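**Q**
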Amino acid sequence: MKLTVLVDNNTFIDHYYLGEPAVSYYIEDEEIRLLFDTGYSDIFISNAKLLNIDLEKLTHIALSHGHNDHTRGLMYLKDKYDLSQVEVIAHPDCFYPKYYDEESIGSELSLEQIEKISKLKLSKEPYEISESLIFLGEIPQYLAYEPRIPIGKTIINGKAYIDTLLDDTAIVYKAKSGLFIITGCSHSGICNIIEHAKKVCSSDKILGVIGGFHMFDCDERLAATVDYLKNENIPMLYPGHCISFQAKTKMNTALKVHDVGVGLTIELK
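Residues in the sequence shown are numbered from 452 upward in steps of one, following my numbering.
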């Protein structure tokens, strides 16, 4: 499996790609060509070209959740490429309208629009993309210190509900040496996601995690998360996108944390 970061908040020194506060990863695994999230704008497309990645060969798109910093790039992708044979995988709540105050923060494309341009697969349950890649579906709460924190509201069948982000999920690559987890924002809780991956894949060995950790404050939750990750003894930790400098620094005092930026590649067997 080869993962390439197409979009992140960060870009590395002397790597002349574009960054934005969003996420998009390109994953190659045998015949699979998967885009995990599409960022906020069209920069994942220009970055892909600079990295010699041909998005015309996409076979799958998996979405971590419906926020626009993870789904808005679909607008640009559909205008440049034929997605009719591409399987788009998401939680059933992913394409419902989402608002924070009066600002729209959800997908620009509706469920009906996505159905017209692609092969849509909605699943709350874990879904096998291939023998090695698993879409985790809805993440239960396993740990008391990681409750779901609502953000804004979502509109379902014309009614407004507090959005607890049940659509937030992740994917897992089953490597020979353990599970490698790829997250979007981890609104479900990074430790809850890891616990669910272990349950779904019937494995306790976590090789690594890359993506948003959604941690900003140096509080009790961060301390509990650091203890959990330390106990899991995870050699490859790549927190990116939605983590503060303070939280990442605190994490790095107890754990070996790797930097994330556009152009980063990770290869696993």
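Every residue, glycine too, gets a C-beta built ideally from N, C-alpha and C. From a predicted model like this one, the values you see are computed outputs, not experimental measurements.
Using 10 angstroms around the beta-carbon of residue 696, count the other beta-carbons present and answer buried if the total reaches 16, otherwise exposed.
**A** For this step, residue 696 is matched to residue 245 along the sequence shown. Counting Cβ neighbours within 10 Å, residue 696 comes out exposed, since fewer than 16 surround it.
**Q** Output the residue ranges of the beta strand (DSSP E) runs that lie fully inside the region 550-618 and measure 3 residues or longer, sorted by chain position.
**A** Listed in chain order, the complete beta strand (DSSP E) runs (minimum 3 residues) inside the region 550-618 are 570-573, 584-586, 604-607, 610-613.
**Q** Determine the extent of the alpha helix (DSSP H) in which residue 621 is found, giving its start and end residues.
**A** Mapped onto the sequence shown, residue 621 falls at position 170. Careful: residue 621 lies outside any alpha helix (DSSP H), inside the beta strand (DSSP E) at 621-626.
**Q** Quick one: what does DSSP say residue 632 is sitting in, helix, strand or coil?
**A** Taking the sequence shown and counting its residues from 1, the one referred to as residue 632 is at position 181. Correct three-state label for residue 632: strand.
**Q** Sorted by chain position, which residues of the same chain lie with C-beta nearer than 7 Å to residue 607's C-beta, five sequence neighbours on each side aside?
**A** The residue you call residue 607 lines up with position 156 of the sequence shown. So the qualifying residues of the chain are 547.
**Q** According to DSSP, is residue 484 part of a helix, a strand, or is it coil?
**A** Taking the first residue of the sequence shown as 1, we reach residue 484 at position 33. Residue 484 falls in the strand class under three-state DSSP.
**Q** So what does residue 694 bridge to, in DSSP terms?
**A** As a first step, residue 694 is located in the sequence shown; it is residue number 243 there, counting from the start. For residue 694, which the question treats as bridged, DSSP gives the partners 666.
**Q** State the start and end residues of the unbroken beta strand (DSSP E) segment that holds residue 458.
**A** Here residue 458 is taken as the residue at index 7 of the sequence shown, counted from 1. Per DSSP, residue 458 belongs to the beta strand (DSSP E) from 453-458.
**Q** Buried or exposed for residue 613, please, with buried defined as at least 16 other CB atoms from any protein chain shown within 10 angstroms of its CB.
**A** Within the sequence shown, residue 613 is the residue found at index 162, counting from 1. Residue 613 is exposed by the Cβ-count criterion.
**Q** Using DSSP's beta-bridge definition, name the partner residues of residue 716.
**A** The count along the sequence shown starts at 1 and reaches residue 716 at position 265. In the DSSP output, where bridge partners are listed per residue, residue 716 has 455.
**Q** Any contact of the region 547-556 with the region 581-594, i.e. 3+ C-beta pairs under 8 Å?
**A** No: fewer than three Cβ pairs fall under 8 Å.
**Q** Looking at the structure shown, is residue 532 part of a helix, part of a strand, or coil, going by DSSP?
**A** In the sequence shown, residue 532 corresponds to position 81, counting from 1. In the structure shown, residue 532 sits in coil (DSSP, three-state: anything other than H, G, I, E or B).
**Q** Can you tell me the Cβ-Cβ gap for residue 412 and residue 458, rounded? I've got them flagged as a contact below 8 Å.
**A** Residue 412 lies beyond the residue range present for the chain, which begins at 452 and ends at 720; the question has no answer from this structure.
**Q** Which partner residues does residue 524 have in the DSSP bridge list?
**A** Here residue 524 is taken as the residue at index 73 of the sequence shown, counted from 1. For residue 524, which the question treats as bridged, DSSP gives no partner whatsoever.
**Q** Starting from residue 540, trace the beta strand (DSSP E) in both directions and tell me its first and last residue.
**A** Mapped onto the sequence shown, residue 540 falls at position 89. Per DSSP, residue 540 belongs to the beta strand (DSSP E) from 538-541.
**Q** Shorter than 6 Å, the distance from the beta carbon of residue 482 to the closest heavy atom of the ligand NAP, or not?
**A** Here there are no bound small molecules, and the ligand NAP is not part of this structure.
**Q** Under the three-state reduction of DSSP, which class applies to residue 514: helix, strand or coil?
**A** Residue numbering aside, residue 514 sits at position 63 when the sequence shown is read from its first letter. It is coil, neither helix nor strand.
**Q** Quick check: the region 613-624 against the region 666-679, are there 3 or more CB pairs under 8 Å?
**A** With the cut-off at 8 Å, the region 613-624 and the region 666-679 do not touch.
**Q** Quick check on the burial criterion: 16 or more other C-beta atoms within 10 angstroms. Buried or exposed for residue 473?
**A** One-based indexing of the sequence shown puts residue 473 at position 22. So residue 473 counts as buried.
**Q** In the DSSP assignment, what residue or residues form a beta bridge with residue 462?
**A** Locating residue 462 in the sequence shown gives position 11, counting from the first residue. BP columns for residue 462 point to 713.
**Q** Looking only at its own chain, which residues have a Cβ that is under 7 Å from the Cβ of residue 579, when we skip the five neighbours before and after it?
**A** Here residue 579 refers to the residue found at position 128 when the sequence shown is read from its first residue. 585.
**Q** Compute the beta-carbon to beta-carbon distance between residue 568 and residue 647, rounded to the nearest angstrom, for a pair I have assumed lies under 8 Å.
**A** Looking up residue 568 in the sequence shown gives position 117. Looking up residue 647 in the sequence shown gives position 196. With a Cβ gap of about 30 Å, residue 568 and residue 647 do not count as contacting.
**Q** Quick one: what's got a C-beta closer than 7 Å to residue 411's C-beta in the same chain, skipping five residues either side?
**A** This structure cannot settle anything about residue 411, because the visible part of the chain is limited to 452 through 720.
**Q** In whole angstroms, what separates the C-alpha of residue 666 from that of residue 698?
**A** Taking the first residue of the sequence shown as position 1, residue 666 is located at position 215. Taking the first residue of the sequence shown as position 1, residue 698 is located at position 247. Looking at the two C-alpha atoms, the distance is approximately 6 Å.
**Q** Could you work out which residue in 456, 653, 513 is closest to residue 503 when comparing CA atoms only?
**A** The residue labelled residue 503 in the question sits at position 52 within the sequence shown. Here the closest residue by C-alpha is 456.
**Q** Taking residue 593 and residue 719 to be in contact with their CB atoms under 8 Å, please state how far apart those CB atoms are, rounded to whole angstroms.
**A** For the purposes of this step, residue 593 is taken as residue 142 along the sequence shown, with counting starting at 1. For the purposes of this step, residue 719 is taken as residue 268 along the sequence shown, with counting starting at 1. The Cβ separation is near 25 Å, so there is no contact.
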